[in-house]
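This report refers to the structure that appears directly beneath it.
Take a look at the structure:
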């Protein structure tokens, strides 16, 4: 009888402990769930050892700087290190939520980390709320047992739908669409080359520089005296005359004066024209070109202003949706992720950390929106949920992964990987120096088939 009572008591305590676990607060539509099992971690490591580790020191140092406080232990955060901590996100066509659920041991320690808490914290019953719209949009809610952190990001593609845009009064602003306005402006603008050139504007047709010797009419002649430079011939003649002087005197010869060279230079032709010369079928308007360049600059400035306004509206809407989601976590009853068979099957009580992704197809769609329709083309069809588990003992870490597959794909993969690793390869691995090693054995024939 005594043994039965002990067994019932243990079962009751286990159920009570599970009921207090925060997993029941995670909605069933969670896309990704990550778990850190504090109880399993600190069974193998003392809190003091973690504080003195590289990760612990880094965490405490950076947090102390950001909060302008002196934190000596992770216990100063007020977190219950003996329970599970969760991260999860939720995807929809309108917004993506990233959330944390953290068990608290001493809520007052956490509150002491908040500056000006009397001005910032809103208290409603036993639930406190801290909203930070200027920090990218963050809401933190907590009571004496748990802390909930949520941030949201609205999908821009949601407002590309005109119905959603009209419903919420938020536009999908894209700069490249403004080029259509410029094209419309060009198509509706009548280019008048005569009007484009003002009556007092003189168009000067400047010809090439004149060539010496050409004569140009419509210009008064003027004399230009050109000095001829002595040539090499004259220098030689001078030498000969000197030689003659040695023999006999010669009479000085009269030097005939050459007529002055007159060069006529025509001034450039200056012509006043009513319109610039243009090829047939082509019109231009320098004023319009300058206007379009200025228009593009003005439109870019206007685009930046409009985008800032629309982003502000998106943040306000995100805060409204996030507030509703946060309130639901603390007040509403809804189906939990623990009811999801795939998630429940992925759990392992001995792991210190776990990761579960509901669908690889959805994961592909979320990280590759730029692929457009390719993101929904079924590229990951046949692939189900993905899970990973981290194990730790006194000597080593171990990672285990799992992937759900459709039956035909599972049968194909079994043929590919249904081979044992040749243990002779292990003699080439220096296990004393290697940080870690991984081995695969694949049937290449089955893979090619």
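In my numbering, the protein residues as written are 74 to 522. The beta carbon of each residue, even a glycine, is placed where N, CA and C say it ideally should be.
Open item on the list: So the candidates are 150, 243, 230, 183; which of them puts its Cα closest to the Cα of residue 381?
Closed with: 243
Open item on the list: Buried or exposed for residue 98, going by 16 or more other Cβ atoms inside 10 Å?
Closed with: buried
Task: Exposed unless 16 or more other CB atoms sit within 10 angstroms - verdict on residue 502 - done: exposed
TODO: Express the C-alpha separation of residue 469 and residue 132 in angstroms, rounding to a whole number.
DONE: 23 Å
Task: CA-to-CA distance, residue 142 to residue 475, given in whole angstroms - done: 42 Å
Task: Classification of residue 210 by the beta-carbon crowding that lies within 10 angstroms, buried from 16 upward - done: buried
TODO: Would you mind working out which of 228, 400, 410 sits nearest residue 94, comparing C-alpha positions?
DONE: 410
TODO: Determine the DSSP secondary structure at residue 161, reduced to helix, strand or coil.
DONE: strand
- [ ] Mind the definition here: the stretch 122-136 touches the stretch 155-163 only if three or more C-beta pairs lie below 8 Å; say whether that holds.
- [x] no
Task: Bounding residues of the beta strand (DSSP E) (the contiguous stretch that carries residue 153) - done: First-last for residue 153: undefined, no H or E at that position.
Task: Spatial neighbours of residue 507 in its chain, beta-carbon cut-off 6 Å, leaving aside the 5 residues before and after - done: none
Task: Span of the alpha helix (DSSP H) around residue 132 - done: 127-140
- [ ] Take the Cβ of residue 152 as the centre, count every other Cβ of all protein chains shown within 10 Å, and call the residue buried at 16 or more, exposed below.
- [x] buried
TODO: Return the first residue and the last residue of the beta strand (DSSP E) that residue 213 is part of.
DONE: 211-215
- [ ] Taking only the alpha-carbon atoms, compute the straight-line gap between residue 171 and residue 499 and give it to the nearest angstrom.
- [x] 43 Å
Open item on the list: If you reduce the DSSP assignment to three classes, tell me which class residue 380 lands in.
Closed with: helix
- [ ] Assign residue 168 to one of three DSSP states: helix, strand, or coil.
- [x] strand
Task: Contacts around residue 587, its chain only, beta-carbon distance under 8 Å, and the 5 residues preceding and following it disregarded - done: Residue 587 lies beyond the residue range present for the chain, which begins at 74 and ends at 522; the question has no answer from this structure.
TODO: Quick one: residues in its chain with C-beta nearer than 6 Å to the C-beta of residue 111, no 5 flanking neighbours on either side, listed in chain order?
DONE: 154, 155, 156
- [ ] Pick out the complete alpha helix (DSSP H) segments inside the stretch 439-515, 4 residues or longer, and give them in chain order.
- [x] 480-490
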